[in-house]
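A quick write-up on the structure given underneath.
Numbering (our numbering), first residue to last: 26 to 1203.
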């Protein structure tokens, strides 16, 4: 029996053609179903209210391991390992899973296609569901996934955000689950169970049986089917997931007909509001401990790092110790984020930027656990800010909070009224999601929350509405009436009290990352260095009396804090709360009736971009969106100003980078209020390296026009007048340099990917050349360049999409500014950069060091197959990507365990095309090169070589099905983006650009195609040769593979970009060994100083026998009970032997031996020493 809940969901306009419903299956599983007839994909997610906070003390990472193993091992019904993953991959879908502290989410998405008459989505649902009923935990899969988790953790260790979040854990109470290491690694998942004599497989089985219960789960299914059909799928596949904490068998519901499917209806308020799965599951477990409490002595932690400095201020909120309701805490925390993250003129961020203390501020709410949250303010510091942290705290506590938050109650009340209207407006006009499975995962995780606090109607929105937004509530916006003013002032006072209660010095915790020696705050404290055994960073922790951290009042800036003004960007509908409420009600009502409407699929309603005007100086493209609800009252406009005269060079690229930063300094504080309303903007110097400056703006039509006018006027005024002061110019140069320093500290995979572009793209200048050019630029040479750029002949690309009511006005404005007055009589043309072509018979590699703090290595292995415009070559290369998609990751990541990050497929350069394999690992890049060669040999001999013509045609049929779905339906692939150049983010962008979803993704794809003069708007990349596919045989494909892909080909064109960790192998091994031995000794109660242990590790030179001997000698000398000590150390020795074997598996010497005795390429591998010389030869 299915219990339906009648809920009138608040729904944005873009989703008003979707029908949604809540229901509960007979086994207690809570389900959200979304029917979208226009969608051409289907998705499912399942969330379990159990995560890493349920890890046993002796096995950190067990919950994460369960997430990895459960869908890989198969089930009793489908025992074939990786059957689920292969089904998703073979049909062009995507899948993901992740574990948080309190829940674990699994999700997948598939195109709406069928395989031999059987719906693939149903097949995937069956495989997916069976793993949550009777999973099979095989030893081999457990061991392989432990290695995968080890690789994943190695990636995390290089991430600044992961390091800072772990630092927050170290500040928490050690006995609270939040205060423990949660991800797991080889050490905690292999060595810890061995030390504690725990059977890992048994522990995994017990964990699953205890927590993976249907009443402890929520699920979301989204598809084009009717709600009734989706209900049947939910019952059919998930209705027999056991409800108790042990595996039980239930009668199959597979053949339940609609007549036998009993459905009961319940009003929303009768029981759905009583659902609070996470609270019921977790609060009893936290009853006797708090993550953060006033009794904790530690309140500051600092990670010693050479990266750009970061300061994270954390203000914990414990729900037990406040009179505020959960709903009030949710609302006030979100408002706090708006206030403290504001960047407009008069804001805290603007003040700190003017003082050259920060480069950016991000405010957020962190959920440490159920019942405990944290208001988090993360500040990206300048070096000046790092040296003067006390000054930042003084501005926050002694200026901003008392002078603005507490002294301007009426202004704050008016601001709150504006924020409320803007919050509704943004939700009403939000875009559709990019990924169906990700939105399903978001919904299913949200369903675990306290439904009474959230309000079931607000599930799609994700946060509760203020009571003034209810239909029959008399309160409007602040200026509407005296009654409304009084009510909003009351809300302002409530916010002031909230800030007084939680945002104060006494409640402050600090996590910092930077160079300890140059921080005055850290140098004024008594703290001792420590090393974290899990993330392997050095850190300091201390207790500071925050009231003693003071800055003289006269040295604090006299800055005027004030509320922002939104009127310049609000559309007419946004000026009255009543109108917004009416529009939201209409959209929600339409969604309630959507099941009765006829809706065509999205791809059938897509219009093509059309060229409305073109001459030698400019071109205008437009795309109407009559049927796409995401574009209702929304315009997206992109334009590029391209120099016809100035040739690309590193110096000119850096001039454009500085220009972008300066322009942002002028307009960002003015435009920040527009971001709150939902407008976005980007400023990007050419990713191609030629002299062009691009812009993308989105929002309500009249506001988009106003923003473009603001940008163009500031750009012209900035160059024509003396508005650029030496101080501003210096700040812009510092910002550009910081950007490149941050880029240099990216993970090694990102560095290798960019490295390929630098080597093969004509104008992608090496970083060293760019930084050298930056040093040459002064304010006078910069002004000279800007003058030349804006006065010499230029070419204008303009693309307007969505509401076109201002398209002509935008076109006229831009032509008058850039394409009318600065054209010479001598006609000049725009020359597009090209990609360097690898000659046949090329097998080269370039090797560089990565970030100093990244222990990982990576490789981008690129095989050029031919010209991008050659339709035959492109088609066969795309087919190769498809054939690789089902074997590459399983072979390299799962079977061979060469690294956690493994992906490969199509790679498009400006004028060439090829196949790439990218990998990040702890193994040396030479080893990764060999493993990829071995995989390609396996693919050639064992897959293609043994394939029959019938098998080949079957694969070809699946490939055709995927290619015929069009760009709107092309789901995320394991290959990563094919055209990396198109994915390079703008230098300057509004903070909310990621909220634009699928429409912005489509707009940028078309913009990039227009910019690169590739007008294949109906396809994602390039058109597939369908006529070729009709007649293609296995023999013909093998000929292509043998010539272009095979490692045994003498005509293959291939280059590898290798990034090797700057940390030596011995340094990494010794540090890891020290941290693990220290951890084991603590577990056994054996005390040794850090200095003495480091001396013993160094003396042993990583040899386990020498290490054991030195440790026994040390403890014998200390007089510890020798027999007990001897037994403990021998046990530790046995575990260390395993670790040493793991760490030494892929040493360079072993790799060389392996390469000599296994596959060998037809062409010798040659190293390129000088990148610039190689580029010049090209």
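We put the beta carbon where it would ideally sit given N, CA and C, even for glycine. As the structure is a prediction and not an experimental result, all values here were calculated from the model.
Sequence-distant residues of its chain with Cβ nearer than 7 Å to residue i (five each side left out)
i, result
"residue 1011", "707, 708, 709"
"residue 820", "642, 643, 667, 669, 855"
"residue 715", "673, 788, 858"
"residue 1009", "712"
"residue 609", "35, 449, 453"
"residue 560", "182, 188, 191"
Boundaries of the beta strand (DSSP E) in which residue i is found, first to last residue
i, result
"residue 706", "705-710"
"residue 81", "No beta strand (DSSP E) holds residue 81; DSSP gives it neither H nor E."
"residue 49", "44-49"
"residue 361", "That residue, residue 361, is in no beta strand (DSSP E); its alpha helix (DSSP H) goes 351-366."
"residue 436", "Counting along the chain, residue 436 falls outside any beta strand (DSSP E), though it belongs to the alpha helix (DSSP H) covering 434-453."
"residue 564", "563-567"
"residue 720", "717-724"
"residue 68", "66-73"
"residue 1016", "Residue 1016 -> no beta strand (DSSP E), and no H or E assigned at all."
"residue 941", "937-946"
"residue 533", "Here residue 533 belongs to no beta strand (DSSP E), and DSSP marks it neither H nor E."
"residue 150", "It is not in any beta strand (DSSP E) - residue 150 instead sits in the alpha helix (DSSP H) that spans 145-155."
"residue 504", "No beta strand (DSSP E) holds residue 504; DSSP gives it neither H nor E."
Contacting residues, own chain, Cβ-Cβ under 6 Å from residue i (five flanking each side not counted)
i, result
"residue 713", "788, 858"
"residue 589", "369, 698"
"residue 587", "371"
"residue 273", "Only weak support exists for where residue 273 lies, its pLDDT of 35 falling under 50; the coordinates are left without a value."
DSSP state of residue i mapped onto helix, strand, coil
i, result
"residue 774", "helix"
"residue 1115", "helix"
"residue 644", "strand"
"residue 829", "coil"
"residue 1076", "coil"
"residue 871", "strand"
"residue 549", "coil"
"residue 121", "strand"
For residue j and residue i, believed in contact at Cβ under 8 Å, the rounded distance
i, j, result
"residue 1013", "residue 573", "The pair is not a contact, with the Cβ atoms about 39 Å apart (cut-off 8 Å)."
"residue 885", "residue 780", "7 Å"
"residue 558", "residue 356", "Not confirmed; about 40 Å, so no contact."
"residue 1031", "residue 726", "With 8 Å as the limit, residue 1031 and residue 726 do not qualify as a contact, their Cβ atoms being about 18 Å apart."
"residue 792", "residue 950", "No, residue 792 and residue 950 are not in contact; Cβ-Cβ is about 19 Å, not under 8 Å."
"residue 528", "residue 404", "Not confirmed; about 15 Å, so no contact."
"residue 202", "residue 126", "7 Å"
"residue 541", "residue 329", "5 Å"
Range of the contiguous alpha helix (DSSP H) that encloses residue i
i, result
"residue 378", "373-379"
"residue 465", "461-471"
"residue 175", "164-182"
"residue 3", "Absent from the model: residue 3. The displayed extent of the chain is 26 to 1203, so no value can be given."
"residue 1025", "1022-1036"
"residue 951", "950-963"
Cβ-based neighbour list, residue i, same chain, cut-off 8 Å, excluding 5 preceding and 5 following
i, result
"residue 844", "642, 643, 819, 820, 821"
"residue 568", "322, 323, 324, 325"
"residue 218", "83, 84, 224, 225, 228"
"residue 739", "688, 691, 692"
Cβ contact (3+ pairs, closer than 8 Å) linking the segment 391-409 and the segment 191-207: yes
Three or more C-beta pairs below 8 Å linking the segment 154-165 and the segment 227-238: yes
The segment 818-827 contacting the segment 641-658, beta-carbon criterion three pairs below 8 Å: yes
Segment contact, 8 Å Cβ cut-off, at least three pairs: the segment 170-183 with the segment 243-253: no
Stretch pair the segment 909-925 + the segment 804-811: three plus CB contacts closer than 8 Å: no
Sufficient close CB pairs (3 or more, under 8 Å) joining the segment 496-503 to the segment 481-488: no
The segment 520-534 in contact with the segment 339-356 per 3-pair CB rule at 8 Å: yes
The segment 98-108 / the segment 163-171 touching (three or more Cβ pairs under 8 Å): yes
Validate contact between the segment 931-939 and the segment 1094-1105 using beta carbons, cut 8 Å, 3 pairs: no
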